[in-house]
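**Q** Chains A and B, in that order, give the protein sequences. Numbering-wise, the working numbering comes out as the position in the first sequence, counting from 1, plus 28. Numbering-wise, the working numbering comes out as the position in the second sequence, counting from 1, plus 7. Can you read through this structure? Questions will come right after.
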Amino acid sequence: REEHPKGAPSATPPYNLSQYFKQFVFPQNECELHSFRLSFSQLKWDKWIIAPHRYSPQYCKGDCPRVVGHRYGSPVHTMVQNIIYEKLDPSVPKPSCVPAEYSPLSVLTIEPDGSIVYKEYEDMIATKCTCR
Amino acid sequence: SPHSRAHPSSAKTSGFLGAPKGTASDLNPLLQLPRSVRGGYALLPPLLKVLSDRGQQSWASESPRLQPDSRALRYMKRLYKMSATKEGIPKANKSHLYNTVRLFTPCLECEHPPRDLRKGDVHSVDLLFNLDRVTALEHLLKSVLLYSFDTSIPVSSSIRCLCRLAVKEQGSSSQVCPSLSHSPAFSLHFEARKRRWLEMDVTSFLQPLIATHRRNIHMALNFTCLLGDPQHSTKLVTPLNTALVPPSLLLYLNDTSEQAHHRWNSLGHRRTNPAWPRPGDSPRLDPTGDQGHEDSQGKRASRRR
Chain A
29 REEHPKGAPS
39 ATPPYNLSQY
49 FKQFVFPQNE
59 CELHSFRLSF
69 SQLKWDKWII
79 APHRYSPQYC
89 KGDCPRVVGH
99 RYGSPVHTMV
109 QNIIYEKLDP
119 SVPKPSCVPA
129 EYSPLSVLTI
139 EPDGSIVYKE
149 YEDMIATKCT
159 CR
Chain B
8 SPHSRAHPSS
18 AKTSGFLGAP
28 KGTASDLNPL
38 LQLPRSVRGG
48 YALLPPLLKV
58 LSDRGQQSWA
68 SESPRLQPDS
78 RALRYMKRLY
88 KMSATKEGIP
98 KANKSHLYNT
108 VRLFTPCLEC
118 EHPPRDLRKG
128 DVHSVDLLFN
138 LDRVTALEHL
148 LKSVLLYSFD
158 TSIPVSSSIR
168 CLCRLAVKEQ
178 GSSSQVCPSL
188 SHSPAFSLHF
198 EARKRRWLEM
208 DVTSFLQPLI
218 ATHRRNIHMA
228 LNFTCLLGDP
238 QHSTKLVTPL
248 NTALVPPSLL
258 LYLNDTSEQA
268 HHRWNSLGHR
278 RTNPAWPRPG
288 DSPRLDPTGD
298 QGHEDSQGKR
308 ASRRR
């Protein structure tokens, strides 16, 4: 609105709107899931891990926004930790970007005694990130 | 953690990820795992070793392993393809109950000379299986003796066999090849031509032994096989014992430990299979796809359990 009450500081001039909205845009490197594929031959384990040949554990990386809220399924504690870090004690770490959910992986391996085992392991592939 | 910061001496033994400065037992993360987990996890020991040998290339050279039988390897690769996707994700739509399958090849087998062939072909063998890799948290769902045919030898099409299976008591294992003692018989009828594998369900037979965590199972098997339908000639074109390869022992298990994937966890609201057999239960479930249905009451109860 153009008119301002007498003596009030003038509002941000309209041409600076893009600057004004910049503070609400998602930060460039926000906390999110990143893909990473490895083959067991890189670890030289393909002699005893028969399957799968490739494995994508994925990982979480990026900055946690100050006002996390429900977007990451973060508890209120995350915001409290941020306030402590900013206002009270910078030695308390900022919230970190970590996996929130995983999926299992089936592995076929040769045991030291020569027997063969098919096993389904829990929590082997990160599927979702959160700030904690 | 603050505690370890306050007492730098305890930092020395704070898990395998820290730069180990302690005695050999601290160096080896495996020794920090509970015994029940240590032996059975194919993946954990090498992962822990990699993380404790930080920066040294030595972790790449795994300790040498005995090489498995190629036929057994082919069977397990086929089972893997049926149970998981190419990326290794367990197939949720498979209603199989097992999350672990172990295949053991016999570490000792004694052939007995075939007796008179007039009664058809008698194939006798003693087998010793070492089950050290089965952990205390792995409960048996089903066990199968897996015969594969040496397909290079032409075996007539339809074969009817009577198989007798005897388990040798612990004491008699001192004899390398004790004589056969008779026991319940299994009758099998199969079309050799169509089958590359012959599975003989021995669950009820081995359940008590595996439930008591028997480490070595010594069993004696003898087959009497007849050609085609019993009314006609009984002689086999080719003696079976040249076509039958000594069997492997297949154990379908439910691993109840934290690290293992539990299907009912991921099935969530969808149809939940009947409750897991407890160690005392003899598994009536077929882990490769039981058709058990539960009413809603049962479902709630089994989920609560």
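Even for Gly, the Cβ is constructed at its ideal location relative to N, Cα and C. Remember, it's a predicted structure, so these values are computed and weren't measured experimentally.
Quick check on DSSP: helix, strand or coil for Tyr-105(B)?
**A** In this structure, DSSP gives Tyr-105(B) a state outside helix and strand, which the three-state scheme calls coil.
**Q** Along chain A, which residues have their Cβ under 8 Å away from the Cβ of Pro-75(B)?
**A** Ile-138, Gly-142, Ser-143, Ile-144
**Q** Is the CB-CB distance between Pro-80(B) and Ile-144(A) below 8 Å?
**A** Pro is not the amino acid found at residue 80(B); the sequence shown has Leu there. The answer is yes: Cβ separation under 8 Å.
**Q** So, helix, strand or coil for Glu-150(A), using DSSP?
**A** strand
**Q** Could you name the residues that DSSP lists as bridge partners for Thr-112(B)?
**A** DSSP output for Thr-112(B) lists no bridge partner at all.
**Q** Could you tell me whether the Cβ of Val-135(A) comes closer than 8 Å to any Cβ of chain B?
**A** Residue contact check for Val-135(A) against chain B: a CB pair falls below 8 Å.
**Q** Here's the rule I'm using: 16 or more other beta-carbon atoms within 10 Å means buried, otherwise exposed. How should Lys-98(B) be labelled?
**A** exposed
**Q** For Ala-227(B), which three-state DSSP category applies?
**A** The three-state reading of DSSP puts Ala-227(B) in strand, counting E and B together.
**Q** Start and end of the alpha helix (DSSP H) containing Pro-132(A)?
**A** Segment 125-138 is the beta strand (DSSP E) holding Pro-132(A); no alpha helix (DSSP H) there.
**Q** Determine the closest residue to Asn-57(A) out of Gln-70(A), Gly-90(A), Leu-45(A), with distance taken between C-alpha atoms.
**A** Gly-90(A)
**Q** Along chain B, which residues have their Cβ under 7 Å away from the Cβ of Pro-80(A)?
**A** Lys-93, Glu-94, Gly-95
**Q** Check for me: the alpha helix (DSSP H) holding His-62(A) runs from which residue to which?
**A** In the DSSP annotation of this structure, His-62(A) is not part of any alpha helix (DSSP H); the continuous beta strand (DSSP E) holding it starts and ends at 60-62.
**Q** DSSP on Ser-264(B), reduced to helix/strand/coil?
**A** coil
**Q** Interface residues of chain B around Ser-84(A) at Cβ under 7 Å?
**A** Glu-94
**Q** Strictly below 8 Å CB to CB, what residues from chain E border Tyr-87(B)?
**A** Protein chains in the displayed structure are A and B, and chain E is not among them.
**Q** List the residues of chain B that Ser-131(A) touches, going by C-beta distances under 7 Å, in chain order.
**A** Ile-96
**Q** Beta strand (DSSP E) containing Tyr-87(A): first to last residue?
**A** 87-89 is the extent of the beta strand (DSSP E) around Tyr-87(A).
**Q** For Ala-267(B) and Glu-129(A), which I take to be in contact (beta-carbon distance under 8 Å), what is that distance rounded to the nearest angstrom?
**A** Under the criterion of beta carbons closer than 8 Å, Ala-267(B) and Glu-129(A) do not qualify as touching, at roughly 18 Å.
**Q** Please confirm whether Glu-58(A) has its beta-carbon closer than 8 Å to some beta-carbon of chain B.
**A** Output row for Glu-58(A): interface = no.
**Q** Name the residue from Gln-47(A), Pro-85(A), Arg-160(A), Ser-46(A) whose alpha carbon lies nearest to the alpha carbon of Arg-65(A).
**A** Pro-85(A)
**Q** Assuming the contact rule is C-beta atoms closer than 8 Å, Asn-223(B) and Leu-135(B) should be a hit. Round their C-beta distance to whole Å, please.
**A** 6 Å
**Q** Look at the alpha carbon of Gln-182(B) and the alpha carbon of Lys-72(A), and state the distance between them as a whole number of angstroms.
**A** Legend: pLDDT at Gln-182(B) = 47, less than 50; position of this residue unreliable, value from coordinates given subsequently. Going by the C-alpha atoms only, they are around 42 Å apart.
**Q** Answer yes or no: does any C-beta atom of chain A fall closer than 8 Å to that of Arg-221(B)?
**A** no
**Q** Leu-71(A) lies in the alpha helix (DSSP H); which residues open and close that run?
**A** Per DSSP, Leu-71(A) belongs to no alpha helix (DSSP H) and is neither H nor E.
**Q** Rounded C-beta distance between Asp-262(B) and Leu-110(B)? I'm assuming under 8 Å.
**A** Not really, about 15 Å apart at Cβ, beyond 8 Å.
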